[in-house]
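Participant: First the structure, which I've put down as structure tokens, then a few questions once you've had a look.
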Ligand SMILES: CC(C)(COP(=O)(O)OP(=O)(O)OC[C@H]1O[C@@H](n2cnc3c(N)ncnc32)[C@H](O)[C@@H]1OP(=O)(O)O)[C@@H](O)C(=O)NCCC(=O)NCCS
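In our numbering, the protein residues as written are 122 to 371.
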């Protein structure tokens with residue numbers, strides 16, 4: 122839930138009215154749905170879409186905080202190593218928007234949080250699934266190891282979508298969100314991504330790989346004699362004495 126790319130509210134507290142749609146650029150009209158990276162030129166259409174979907178109360182977004190110029194700036198500055206923004210267009214018009222944002226800070230930089238929104242009139246056409254597939258493709262290419270999402274437990278469509286796309290329920294935050302006039306639970310979804318093939322194998326399993334799973338050390342790295350815990354001075358002395366005792370006289 123929420124967009125995760127730090128959408129700040131308007132500095133002066135006033136909402137920005139979404140710009141009227143100018144229509145698709147010449148040459149961009151395609152009869153079939155298109156999945157592509159969002160650009161600053163999509164900002165007005167994205168804000169309009171999010172403002173509509175946010176009114177349903179399932180996005181964790183305040184429509185009044187959405188500003189076209191903020192969105193345009195964010196999209197123009199988007200660093201593809203840190204985040205991915207996708208749109209689905211039909212005949213050049215934005216019908217769905219998806220965002221994945223990598224966790225901020227070293228301890229969660231291997232994760233990314235995803236959120237998706239589809240225009241009400243375009244639902245059940247596979248756009249939500251398409252966005253999640255596209256965001257997953259970005260995540261794998263960017264070396265993200267886990268995707269996460271938070272969904273209100275009353276949001277049956279989103280619950281079914283994430284389940285259907287392979288996400289597992291990892292927990293529930295009780296009464297975490299306000300929905301439908303009262304507190305509701307937030308269901309936390311997670312999807313572990315495969316490690317890139319180049320990193321497979323014991324050689325690549327360095328400390329960073331093992332941090333999350335201490336047991337993995339034993340599984341993937343054969344212990345070498347010099348890696349074993351050093352013997353204590355007392356044990357070393359005992360071994361020396363034993364060695365001398367056990368030596369045969371010539
Ligand atoms: C949730 C949402 C993104 C789904 O988008 P969508 O484009 O309609 O989803 P899809 O067509 O790709 O559906 C894929 C599957 O998800 C499930 N699903 C989607 N919406 C559903 C609904 N309302 N009820 C039951 N299952 C649903 C179905 O299994 C569906 O497959 P099917 O159509 O073959 O049965 C859309 O309803 C939406 O924008 N909701 C408001 C915003 C939101 O809740 N975002 C998620 C929180 S981050």
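Note that CB positions come from ideal geometry on N, CA and C, so glycine has one too.
Taking 6 angstroms as the limit, name every residue whose beta carbon sits nearer than that to some heavy atom of ligand 1, in sequence order.
Facilitator: 122, 174, 177, 179, 180, 236, 237, 238, 239, 244, 245, 246, 247, 248, 249, 250, 270, 272, 276, 277, 278, 279, 281, 282 and 285
Participant: At the level of alpha carbons, what is the spacing between residue 171 and residue 268?
Facilitator: 22 angstroms
Participant: Is residue 217 near residue 239, with beta carbons less than 8 angstroms apart?
Facilitator: yes
Participant: Closest to residue 309 by CA distance: which of 283, 303 and 301 is it?
Facilitator: Of 283, 303 and 301, the residue nearest in Cα terms is 283.
Participant: On a CA-only basis, which of 194, 252, 279 and 244 is nearest residue 220? Give me that one, please.
Facilitator: For the residues 194, 252, 279 and 244, the minimum Cα distance to residue 220 belongs to 252.
Participant: State buried or exposed for residue 315, treating a residue as buried only when at least 16 other CB atoms are found within 10 Å of its CB.
Facilitator: Residue burial annotation: residue 315 is exposed, with fewer than 16 other C-beta atoms found within 10 angstroms of its C-beta.
Participant: Residue 250 and residue 286 look like a contact to me (Cβ under 8 angstroms); what is the Cβ gap, rounded to whole Å?
Facilitator: 6 angstroms
Participant: May I ask you to report which of helix, strand or coil DSSP gives residue 160?
Facilitator: The DSSP-derived three-state label of residue 160 is coil.
Participant: Tell me where the beta strand (DSSP E) around residue 303 begins and ends.
Facilitator: 303-313
Participant: How is the alpha helix (DSSP H) around residue 251 delimited, first residue to last?
Facilitator: 248-262
Participant: Quick check for students: name the residue ranges of the beta strand (DSSP E) that lie wholly in the segment 185-223, counting only runs of 3 or more.
Facilitator: 204-211 and 214-223
Participant: Out of 164, 203 and 157, state which residue places its alpha-carbon closest to the alpha-carbon of residue 211.
Facilitator: 157
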